[in-house]
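Undergrad: So the number in the working numbering is just where the residue sits in the sequence shown, counting from 1, plus 22.
All C-beta atoms, glycine included, are put in the ideal place defined by N, C-alpha and C.
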Amino acid sequence: MKPIIPMEPVSSEIIPNGENWIAQIKWDGVRVLTYFDGREVRLYNRKLNERTMHFPEILDVRSYCQADSVILDGEIIALGSDGKPSFHEVMRRDGIRQLEKVKRMQKVVPVTYMIFDIIYKDGDWLNRLPLHERSEILSKIIRSHPHVQLVSSHDHGKELFDVMRQHGMEGIVAKRADSPYVIGEKKDLWLKIKNYRDLHAVIGGFTLSGGVVNSVLLGLYDDEENLWYIGHTGTGKISREEWRALTEILKPLVVKERPFVNKPERYSDAFWVQPVITVKIKYSEWKEGRSLRQPSIQGFIEVPVRECKIRGQLK
23 MKPIIPMEPV SSEIIPNGEN WIAQIKWDGV RVLTYFDGRE VRLYNRKLNE RTMHFPEILD
83 VRSYCQADSV ILDGEIIALG SDGKPSFHEV MRRDGIRQLE KVKRMQKVVP VTYMIFDIIY
143 KDGDWLNRLP LHERSEILSK IIRSHPHVQL VSSHDHGKEL FDVMRQHGME GIVAKRADSP
203 YVIGEKKDLW LKIKNYRDLH AVIGGFTLSG GVVNSVLLGL YDDEENLWYI GHTGTGKISR
263 EEWRALTEIL KPLVVKERPF VNKPERYSDA FWVQPVITVK IKYSEWKEGR SLRQPSIQGF
323 IEVPVRECKI RGQLK
């Protein structure tokens, strides 16, 4: 089976109402599509990077799905110490480079596959079917499994969003019940409404304390390939050991010239680096002409630096 680029929701600040809309929890994890042709299983993320060996818990498709062949769409999540989905934790699995570590990490960071759509089953493409029919098919073929859950749909998006906000979770995705699955595109048939905001940024510099990185300087590219400083952070879901590891990664990347076209405030003691490391950042507010407010690192990600653009992040 040839991997496909999944359908993506469009950002929105308005929660739609009406009988033709359903709402689902927006899980803070890693988007993964499962491909099973009856003999072989392959897992790919939304960037079409293979993740088959990273998540062996869900490779026995027949143990949780009654289908001879299938393409499933969902989010792989891992829980933090507070019992909530943690992007930082799931990236400890997704970011593994030495696959011999996977078996050990299965016990340290267990994962769950939250399935919310089906695109193909037993030789038939289902992407043109309305969402409510695809959901009905899923409800009939997904079995109980310790590492797999079927995502629930709710009729009242506002109420679900309020619950997500009370629990400090990421938000919801509202979907038209009659929506087809539009492969490879963002469509406003699906809307993501977030409790907080996040973006993908490039590290362009850092500061040290006691020989260890204690803050990183963040940037985004404009359409002319200029890197603009947008803020700095020394907080987030990163352990002391990870700060030390980041120090060893960044030191060989140090350069003399500032990579940002604008000058960061109060950073005469900063070290500049080649802009090759990308991170997911959570923040509360970003006003034009100002730096990010309350940014914090959620995890390191594999995103091409040129995709970390100002225009794309402000949608």
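1) If you draw a straight line from the alpha carbon of residue 224 to that of residue 259, how long is it in whole angstroms?
2) Could you work out which residue in 34, 333, 111 and 70 is closest to residue 242 when comparing CA atoms only?
3) Pick out the complete beta strand (DSSP E) segments inside the stretch 246-311, 3 residues or longer, and give them in chain order.
4) Check for me: the beta strand (DSSP E) holding residue 198 runs from which residue to which?
5) Cβ of residue 311 within 9 Å of Cβ of residue 109?
6) For the candidate residues 132, 232 and 188, whose alpha-carbon lies nearest to that of residue 101?
7) Look at the alpha carbon of residue 62 and the alpha carbon of residue 145, and state the distance between them as a whole number of angstroms.
8) Is there contact between the stretch 83-95 and the stretch 40-56, where contact requires at least three CB pairs shorter than 8 Å?
9) Where does residue 85 land, buried or exposed, given buried means 16+ other C-beta within 10 angstroms?
10) Between the beta-carbon of residue 44 and the beta-carbon of residue 197, is there less than 9 Å?
11) Considering Cα atoms alone, identify which of 147, 135, 278 and 265 is closest to residue 50.
12) Below 6 Å CB to CB, which residues in the same chain sit around residue 266 once its five sequence neighbours on both sides are set aside?
13) Once DSSP output is grouped into helix, strand and coil, what is the label at residue 121?
14) Take the Cβ of residue 278 as the centre, count every other Cβ of all protein chains shown within 10 Å, and call the residue buried at 16 or more, exposed below.
15) From the DSSP output, read off the bridge partner residues of residue 71.
16) Could you give the uninterrupted runs of the beta strand (DSSP E) lying entirely in the stretch 125-157, keeping only those of 3 residues or more?
17) Just mark residue 36 as buried or exposed, buried being the case when its beta carbon has 16 or more other beta carbons within 10 Å.
18) Would residue 313 pass as a contact of residue 222 if the rule is Cβ separation under 9 Å?
19) Would you kindly report the start and end of the unbroken alpha helix (DSSP H) that includes residue 116?
20) Pull up the DSSP beta-bridge partners for residue 30, would you.
21) With distances taken between CB atoms, is the gap from residue 301 to residue 319 smaller than 9 Å?
22) Which word fits residue 337, buried or exposed, when buried means at least 16 other C-beta atoms lie within 10 angstroms of its C-beta?
23) Less than 9 Å between the C-beta atoms of residue 173 and residue 316, yes or no?
24) What whole-angstrom Cβ distance do residue 297 and residue 286 have, given they're in contact under 8 Å?
25) For residue 46, which three-state DSSP category applies?
26) Excluding the 5 residues flanking residue 165 on each side, which residues of the same chain have their C-beta closer than 6 Å to its C-beta?
27) Using the Cβ count rule (16 or more neighbours within 10 Å means buried), how would you classify residue 70?
28) Per DSSP, residue 241 forms a beta bridge with which residues?
TA: This is what the structure gives:
1) Looking up residue 224 in the sequence shown gives position 202. Looking up residue 259 in the sequence shown gives position 237. Approximately 17 Å between the Cα atoms of the pair.
2) Counting from one through the sequence shown, the residue named residue 242 turns up at place 220. It is 333.
3) 249-255, 293-295 and 300-305
4) To locate residue 198, count along the sequence shown from 1; it is residue 176. Here the beta strand (DSSP E) through residue 198 covers 193-198.
5) Along the sequence shown, read from residue 1 onward, the residue named residue 311 stands at position 289. Along the sequence shown, read from residue 1 onward, the residue named residue 109 stands at position 87. Contact: no.
6) For this step, residue 101 is matched to residue 79 along the sequence shown. The residue with the shortest Cα to Cα distance from residue 101 is 132.
7) In the sequence shown, residue 62 corresponds to position 40, counting from 1. In the sequence shown, residue 145 corresponds to position 123, counting from 1. Residue 62 and residue 145: Cα-Cα distance of roughly 15 Å.
8) yes
9) Taking the sequence shown and counting its residues from 1, the one referred to as residue 85 is at position 63. Exposed: under 16 other Cβ atoms inside 10 Å.
10) Translated into the one-based positions of the sequence shown, residue 44 becomes position 22. Translated into the one-based positions of the sequence shown, residue 197 becomes position 175. Yes, Cβ-Cβ distance for residue 44 and residue 197 is below 9 Å.
11) Taking the sequence shown and counting its residues from 1, one reaches residue 50 at position 28. The candidate whose alpha carbon is nearest that of residue 50 is 135.
12) On the sequence shown, position 244 is the one that residue 266 refers to. Excluding sequence neighbours, residue 266 sits near 234.
13) The residue given as residue 121 occupies position 99 in the sequence shown. If DSSP states are grouped into helix, strand and coil, residue 121 belongs with the helices.
14) Translated into positions along the sequence shown, residue 278 becomes position 256. Its Cβ having fewer than 16 others within 10 Å, residue 278 is exposed.
15) For the purposes of this step, residue 71 is identified with residue 49 of the sequence shown, where counting begins at 1. None; residue 71 has no bridge partner.
16) 134-143
17) Translated into positions along the sequence shown, residue 36 becomes position 14. That one is exposed.
18) Here residue 313 corresponds to residue number 291 of the sequence shown, with the count starting at 1. Here residue 222 corresponds to residue number 200 of the sequence shown, with the count starting at 1. Not closer than 9 Å, so no.
19) In the sequence shown, residue 116 corresponds to position 94, counting from 1. It spans 109-116 - the alpha helix (DSSP H) in which residue 116 sits, taken as one unbroken run.
20) Reading the sequence shown from its first residue, position 8 is the one you call residue 30. In the DSSP output, where bridge partners are listed per residue, residue 30 has 208.
21) By one-based count along the sequence shown, residue 301 stands at place 279. By one-based count along the sequence shown, residue 319 stands at place 297. Going by C-beta atoms, residue 301 is nearer than 9 Å to residue 319.
22) Residue 337 sits at position 315 when you count from the first residue of the sequence shown. Confidence in residue 337 is poor, its pLDDT being 40 and thus under 50, which makes the residue's placement unreliable; the coordinate value appears in the next sentence. Burial call: exposed.
23) Along the sequence shown, one-based indexing puts residue 173 at 151. Along the sequence shown, one-based indexing puts residue 316 at 294. No, the pair does not count as a contact, with Cβ atoms beyond the cut-off.
24) Residue numbering aside, residue 297 sits at position 275 when the sequence shown is read from its first letter. Residue numbering aside, residue 286 sits at position 264 when the sequence shown is read from its first letter. Not really, about 13 Å apart at Cβ, beyond 8 Å.
25) Indexing the sequence shown from 1 puts residue 46 at position 24. Strand, per DSSP.
26) Residue mapping note: residue 165 aligns to position 143 of the sequence shown, counting from 1. The residues are 86.
27) Residue mapping note: residue 70 aligns to position 48 of the sequence shown, counting from 1. Exposed, since its Cβ has fewer than 16 Cβ neighbours within 10 Å.
28) Within the sequence shown, residue 241 is the residue found at index 219, counting from 1. For residue 241, which the question treats as bridged, DSSP gives the partners 224 and 251.
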